[in-house]
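Student: Residue numbers (this note's numbering): 1186 to 1271.
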Amino acid sequence: MRPEAQQVVEACKEFVRALGRAERALGTLPTLTKEEREAVVREVLTWLGTEETGAYTREVARELIGQLSAAGAYADYRGSSDPYIR
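(1) Do the stretch 1243-1252 and the stretch 1199-1215 touch if we need at least three Cβ pairs shorter than 8 Å?
(2) My assumption, with CB atoms under 8 Å, is that A1246 sits in contact with L1233. Please give the rounded CB distance.
(3) Quick check on R1227: does DSSP put it in helix, strand or coil?
(4) Looking only at its own chain, which residues have a Cβ that is under 8 Å from the Cβ of L1230, when we skip the five neighbours before and after it?
(5) Within the stretch 1194-1222, note down every full beta strand (DSSP E) run reaching 3 residues or more, in order along the chain.
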């Protein structure tokens, strides 16, 4: 495989790993107080609205918001059962 193609493969792998790390972090939200969970949601939404270089795309933002919402809403949230995301 040419190096350019391998870079694409590696970027995709890192993206999936990053989603896994985010999901594991979201799984810890039930340990936070309601106020802390609200602060987390507010902070993430503020960051998503920035023009920061490297900020997530809208599609990834939707996934992140979905996971964040589930983690904040359910006290027993343990992340996705989808093995692809792990």
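Think of the CB as a built atom: it goes at the ideal place given N, C-alpha and C, for glycine as much as any other residue.
As the structure is a prediction and not an experimental result, all values here were calculated from the model.
Tutor: Let's see:
(1) yes
(2) 5 Å
(3) helix
(4) I1250
(5) none
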